[in-house]
Structure formats: structure tokens, C-alpha cells
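Here is the structure we will look at, set down as C-alpha cells.
Residue numbers (UniProt numbering): 1 to 398.
If you want it as C-alpha cells, here you go:
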């Protein structure tokens, strides 16, 4: 997967901006800071929290990146967040903040707030030659100011239409699973899609990449008052990637909606799957970190609980391999006319044994004979899919 807010690219964009604007820095920066302070005081408020309240700016849920910032950067976060929500695409900054800290704050705002849908990929800053602090910024936008309110309404309407399909009395897990399935069923993975870094790509255009999938997932859960944040890192082939962190009760879980989409698997992994992949719904760090590596932008809590493992909840989990148990389950699936069967195993040994017995040990002979008799044919073809990281075996009967 490609094309999310990559830290390295952002850093390069910021540094290029500093170099280009260096001649404009100097003592003049201090005077502009004074004007910003006067504007804040003149509005009759004493803090950026109050300014946000005065402007009717509300957050949907808790801000994970904000909570993990040191105290001295939280004021800068609040200032920049208010300015962004006021559509100040370029502004002078009152908070004293270095270029490095500017990056942390700016990235944190975007990670906490998927509803900010008009931000592009680059930002330029001016730095005071006297203090070394950032005094102003200007960032790229993808939606003109005059169109943002209309698009915001369209996004909220699309979100409401989605969430109308799940009862507000549903459990937290049921809501998470519903949104996971909704996005996968309504979105195609497409690196050439429109506005793929933001939520409109999923909710309006239904074509996106990992950033769009993850931010739309976060946005929809946040609108239901559920905790969900955006995590970035790399995947096993070295590509950049984004996914989510959720919380149920007091335990945290990872969710990767993109990797749950069979369209993604078909394009990126060369598979021929039509079945939604539930490996990445409420999974543990032990499972996810076999293929995903967080970039360390924000501290992460332990994700060790399997209380909401999809396979365990749905009778598809086998801690050990027992021949009779698996044979009976395969035959039951055939008799029921299932299109496929999915089985997750509790260890490498159990998984390897199951794959061998099913594919090489003749366990499918009776199932194949039954299907040939039922269909009046003399040959039977089947397909299968293995996931060696999650110990999951999927068999397609036809």
C-alpha cells in the first residue's frame, strides 16, 4: 500500500519550505506573534480551548495523539487545531514551537481528526532567525474553502446513512465489526482514486487506499462515540501503511480494514479471494506485528487480548488438530451447501498438520465424492487459501 501521510515526505516538505522562506525570517517574526496574541485576547477568550468553544468547534471523541503530547506542546496543538477548523490555511503562530515539534503537533492533529478532509500532503513554515521557533505556516489543501461546508454536509449524510444500519444498542464489538464490513463491502482498493488520503474517498467516491480506509473507519466509529485512532508504519515489503487502534472495555485491539478487503488481496497479494478477511478485525499485536511495524510516532498500549477474535467468537478456532473434529466439520460444511469454510488454528504445529491432512492426506476424498454425486459429474475442482501468519486455512468448495 502506498500514499498515506509519510513522515519522511512531510519532513522533506517542511525543510524545503524553511529553506525557500529563510530570507523572509528574522526579527519581523516577533512582531507577528504579538498580533496573534492581541487577536486572541481581543476575542474575549484567554485560551485556545475557549476559542474553540466560542467558535462551536467540538471533537468527536478523545484525542489519542494529543493525550500523548508533552504538556508544553498541547497549547500549540489547540491553537493549530482551532486555526485549521477556522479554515486558516496559512496563519501566524503564537505558541513557541520548534520545527521538529511543529511536525509532531501537526501530524497529531491529522491523526486525531479524520474529519479534517481538506489537507494535502505538504506544508511550508517560516522560522524566526532569532528564536528558531516557527512563526507561521501554509499548507496544501485539496478542497477549496468555499466548497468545504457543502462537502462536510455530504460526508455527514453519508456517515449517517451508514450508521443507520446498526442499532445504537449494539455492543462495541458489533459496531466495530459492522463498520469494518461496511467499508470493505462499499469500497474498492485503488491507488489512482480521488482524494485517497482523506475520508471522502471512501464515503463519497468508494475508491481508496489505506489512509482513506483507516480514516473513514476512525471517523465512523468516532461519530458513534467510540475510541479509534490512526496508526502508521510499514508492512513486510517495506511499503508505508496505515491502520487503526480500537478499544473494547479496557482492552485494545488492532484493526486493518484495508487488509480485510479481498479487492486489496487480489491486487497486492496475487490472490483470487472473494471472501472478506477477518484476520485483521480486533487482532493482537502478536498477530499483526508479523507483517506490520508501527513507526513509533506515538506510544502504543499492549494489544494482547483475544476476547474478540472473530474466529473464536464464531466457532472457527481450533487450538489443536484433531482428525475427527476437522473431518466432521468439513463434511458438515459440504452437507450444508456452504461456498467455503474457514478454520484458524492455535499453533504452527496444528496449522501445518491440518494443511497437510486436508490437502495431501486424503481428508477431502469423501467430501469430493459427495459433491460429484450431488452434481452428476466425474471430476471436482476446489480452491484453497493459506495464511501462514495467522494460521488460517480457507477452502472454497467450487
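Note that the Cβ used here is the ideal one computed from N, Cα and C, for glycine as well.
As the structure is a computational prediction, the values presented were derived from the model and not from experiment.
Rounded straight-line distance, which links the Cα of residue 62 to that of residue 112:
Counted from its first residue, the chain shown places residue 112 at position 112. Counted from its first residue, the chain shown places residue 62 at position 62. Rounded to the nearest angstrom, the two C-alpha atoms are 8 Å apart.
Closer than 6 Å by C-beta to residue 341: which residues in its own chain qualify, once you throw out the five before and the five after it? Chain order, please.
As a first step, residue 341 must be located in the chain shown, where it is residue number 341. Within its own chain, the residues whose Cβ lies closer than 6 Å to the Cβ of residue 341, once the five positions on either side in sequence are excluded, are 333, 395, listed in chain order.
For the beta strand (DSSP E) holding residue 343, just list the boundary residues, first then last.
If you number the chain shown from 1, residue 343 lands on position 343. Looking at the DSSP string, the run of the beta strand (DSSP E) that includes residue 343 is 340 to 345.
Would you call residue 208 buried or exposed, if buried means 16 or more other Cβ atoms sit within 10 Å of its Cβ?
In the chain shown, residue 208 corresponds to position 208, counting from 1. If you draw a 10 Å sphere on the C-beta of residue 208, you find 16 or more other C-beta atoms in it, and that means buried.
Measuring only the C-alpha atoms, how far is residue 118 from residue 315?
Stepping through the chain shown from its first residue, residue 118 is reached at position 118. Stepping through the chain shown from its first residue, residue 315 is reached at position 315. A straight-line Cα-Cα distance of about 43 Å links residue 118 and residue 315.
Use the C-beta contact count for residue 224: other C-beta atoms within 10 angstroms, 16 or more gives buried, fewer gives exposed.
Along the chain shown, one-based indexing puts residue 224 at 224. Buried is the call here.
Could you pull out every unbroken beta strand (DSSP E) segment of at least 3 residues lying fully inside the segment 79 to 142, listed in chain order?
Complete beta strand (DSSP E) runs here, min 3: 90 to 92, 119 to 127, 134 to 141.
So is residue 344 in contact with chain C if we call contact Cβ pairs under 9 Å?
As a matter of chain content, chain C is missing from the structure shown, which is built from one protein chain.
Span of the alpha helix (DSSP H) around residue 423
No answer is possible for residue 423: it lies beyond the span of the chain, which begins at 1 and ends at 398.
Give me, in chain order, the residues of the same chain whose beta-carbon lies closer than 6 Å to that of residue 247; leave out the 5 immediate sequence neighbours on both sides.
Position 247 of the chain shown, counting from 1, holds the residue named residue 247. Excluding its 5 nearest sequence neighbours in each direction, residue 247 has C-beta neighbours in its own chain below 6 Å: 227, listed in chain order.
Out of 311, 181, 368, which has the shortest C-alpha to C-alpha gap to residue 344?
In the chain shown, counting from the first residue as 1, residue 344 sits at position 344. Minimum Cα distance to residue 344 is reached at 311.
First and last residue of the alpha helix (DSSP H) that includes residue 176?
Position 176 of the chain shown, counted from the first residue, corresponds to residue 176. Its alpha helix (DSSP H) spans residues 172 to 186.
Determine, using beta carbons only, whether residue 122 and residue 139 come nearer to each other than 9 Å.
Looking up residue 122 in the chain shown gives position 122. Looking up residue 139 in the chain shown gives position 139. At a Cβ-Cβ threshold of 9 Å, residue 122 and residue 139 count as neighbours.
Sort out for me which residues DSSP pairs residue 235 with in a bridge.
Here the question's residue 235 lines up with position 235 in the chain shown. Note: residue 235 sits in a beta bridge opposite 292.
What is the C-beta distance between residue 263 and residue 282, in whole angstroms, given that I count them as a contact (C-beta under 8 Å)?
On the chain shown, residue 263 is found 263 positions in, with the first residue counted as 1. On the chain shown, residue 282 is found 282 positions in, with the first residue counted as 1. Wrong, their Cβ atoms sit about 21 Å apart, outside the cutoff.
Closest to residue 83 by CA distance: which of 136, 72, 132, 160 is it?
Residue 83 sits at position 83 when you count from the first residue of the chain shown. Distances from the alpha-carbon of residue 83 to those of 136, 72, 132, 160 put 136 closest.
Using a Cβ-Cβ cut-off of 6 Å (strictly less than) and excluding sequence neighbours within five positions of residue 21, which residues of its own chain qualify?
As a working note, residue 21 is residue 21 in the chain shown. Any reading at residue 21 must be qualified, since the residue scores a pLDDT of 35, below 50, and its modelled position is unreliable; the value itself is stated next. Excluding sequence neighbours, residue 21 sits near 126.
Cα-Cα separation between residue 301 and residue 252, rounded to whole angstroms:
Within the chain shown, the letter at position 301 stands for residue 301. Within the chain shown, the letter at position 252 stands for residue 252. Whole-angstrom Cα-Cα distance: 7 Å.
Mind checking whether residue 391 and residue 350 have CB atoms under 9 Å apart?
For this step, residue 391 is matched to residue 391 along the chain shown. For this step, residue 350 is matched to residue 350 along the chain shown. Pairing residue 391 with residue 350 gives a Cβ-Cβ distance under 9 Å.
Report the rounded CA-to-CA distance for residue 73 versus residue 91, giving the unit in angstroms.
Taking the chain shown and counting its residues from 1, one reaches residue 73 at position 73. Taking the chain shown and counting its residues from 1, one reaches residue 91 at position 91. Residue 73 and residue 91 have their alpha carbons spaced roughly 18 Å apart.
In three-state DSSP terms, what is residue 202?
Here residue 202 refers to the residue found at position 202 when the chain shown is read from its first residue. DSSP places residue 202 in helix when its eight states are reduced to three.
What are the boundary residues of the alpha helix (DSSP H) that residue 371 is part of?
Within the chain shown, the letter at position 371 stands for residue 371. Unbroken alpha helix (DSSP H) run through residue 371: 365 to 375.
Exposed or buried, what is residue 200 when buried is set at 16 or more other beta-carbons lying within 10 Å of its beta-carbon?
Here residue 200 is taken as the residue at index 200 of the chain shown, counted from 1. Buried, since its Cβ has 16 or more Cβ neighbours within 10 Å.
Tell me the rounded alpha-carbon separation between residue 249 and residue 374.
The sequence position of residue 249 within the chain shown is 249, counting from 1. The sequence position of residue 374 within the chain shown is 374, counting from 1. Rounded to the nearest whole angstrom, the C-alpha separation of residue 249 and residue 374 is 48 Å.
For residue 298, name the three-state secondary structure that DSSP assigns.
In the chain shown, residue 298 corresponds to position 298, counting from 1. Coil, per DSSP.
Three-state class that DSSP yields for residue 240 in the structure shown
Here residue 240 refers to the residue found at position 240 when the chain shown is read from its first residue. In this structure, residue 240 counts as strand in the three-state DSSP scheme.
For residue 30, I'd like the list of residues in its chain whose CB is within less than 6 Å of its CB, leaving aside the five on either flank, ordered along the chain.
Within the chain shown, the letter at position 30 stands for residue 30. Its pLDDT being 27, under 50, residue 30 is placed unreliably by the model, and the measurement read from it follows with that caveat. The answer is none, since no qualifying residue turns up.
Residue 364 to residue 147 span [Cα, whole Å]
The residue labelled residue 364 in the question sits at position 364 within the chain shown. The residue labelled residue 147 in the question sits at position 147 within the chain shown. Spanning the two alpha carbons is a distance of roughly 59 Å.
Is the beta carbon of residue 244 less than 9 Å from the beta carbon of residue 214?
Numbered from its first residue, the chain shown carries residue 244 at position 244. Numbered from its first residue, the chain shown carries residue 214 at position 214. Yes; because the gap between Cβ atoms is below 9 Å, this pair is in contact.
Quick one: what does DSSP say residue 69 is sitting in, helix, strand or coil?
Sequence index remark: in the chain shown, residue 69 carries index 69 (1-based). The answer is coil: DSSP assigns residue 69 none of H, G, I, E or B.
Residue 325 by DSSP, collapsed to three states: which one?
On the chain shown, position 325 is the one that residue 325 refers to. DSSP places residue 325 in helix when its eight states are reduced to three.
Which residue from 101, 290, 354, 104 puts its Cα closest to that of residue 236?
Taking the first residue of the chain shown as position 1, residue 236 is located at position 236. Comparing Cα positions, the closest option is 290.
Rounded C-alpha distance that separates residue 171 from residue 337:
Counted from its first residue, the chain shown places residue 171 at position 171. Counted from its first residue, the chain shown places residue 337 at position 337. Between the alpha carbons of residue 171 and residue 337 lies a distance of about 31 Å.
Assigned secondary structure, residue 381 (DSSP; H/G/I helix, E/B strand, else coil)
Taking the chain shown and counting its residues from 1, the one referred to as residue 381 is at position 381. Residue 381 falls in the coil class under three-state DSSP.
Return the chain-ordered list of same chain residues with a C-beta closer than 8 Å to the C-beta of residue 165, the five sequence neighbours on each side being excluded.
Residue 165 sits at position 165 when you count from the first residue of the chain shown. Close CB contacts of residue 165 within its chain, under the 8 Å cut and outside five residues either way in sequence, are with 178, 182 (chain order).
With distances taken Cα to Cα, identify the nearest neighbour of residue 292 among 202, 231, 378.
Translated into the one-based positions of the chain shown, residue 292 becomes position 292. Cα-wise, what sits closest to residue 292 is 231.
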